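Beneath this line is the structure, given in structure tokens, with notes to follow.
Residue numbers (my numbering): 2 to 112.
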């Protein structure tokens, strides 16, 4: 099974729109990957909580089956945990998921 984890940590809006979420929206429908997960970590949590356009894009990507999680420590630091959770994003300690992915058969892409 081909599995992809995208670690989204950048606060750059164009990278989020034109790479992470654009690619994220097609990776399962086009059968590029069997399973995909986007992990929101650091400044990207604040960016997403404050940007309605990105929130709409995340919702669209979620409808394709891509899963999302966010570093709860980061989101708590930025005061955005409730906002991101309301978008259906799993709030978790992401270090464990990242470590497991790196040590298993997941491919990991970081931005």
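By construction, the Cβ of each residue, glycine as well, lies at the ideal position given by its N, Cα and C atoms.
Please read all numbers here as calculations on a predicted model, not as lab measurements.
By alpha-carbon positions, which one of the options ends up nearest to residue i?
i: residue 108; options: 66, 94, 40; result: 40
i: residue 29; options: 2, 79, 66, 110; result: 66
i: residue 10; options: 42, 33, 73; result: 42
i: residue 49; options: 96, 16, 95, 110; result: 16
Quick check on the burial criterion: 16 or more other C-beta atoms within 10 angstroms. Buried or exposed for residue i?
i: residue 70; result: buried
i: residue 81; result: buried
i: residue 2; result: exposed
i: residue 27; result: exposed
i: residue 1; result: Given that the chain is displayed from residue 2 to residue 112, the structure contains no residue 1 and the question cannot be resolved.
Is the Cβ-Cβ distance between residue i and residue j less than 7 Å?
i: residue 112; j: residue 21; result: yes
i: residue 37; j: residue 76; result: no
i: residue 100; j: residue 73; result: no
i: residue 5; j: residue 102; result: no
Per DSSP, which residues does residue i bridge with? Please list them.
i: residue 107; result: 4
i: residue 71; result: 41, 92
Just to check my reading of the structure: residue i and residue j have Cβ atoms closer than 8 Å, yes? What is that Cβ distance to the nearest angstrom?
i: residue 58; j: residue 19; result: Actually they are not in contact, since the Cβ atoms of residue 58 and residue 19 sit about 11 Å apart, beyond 8 Å.
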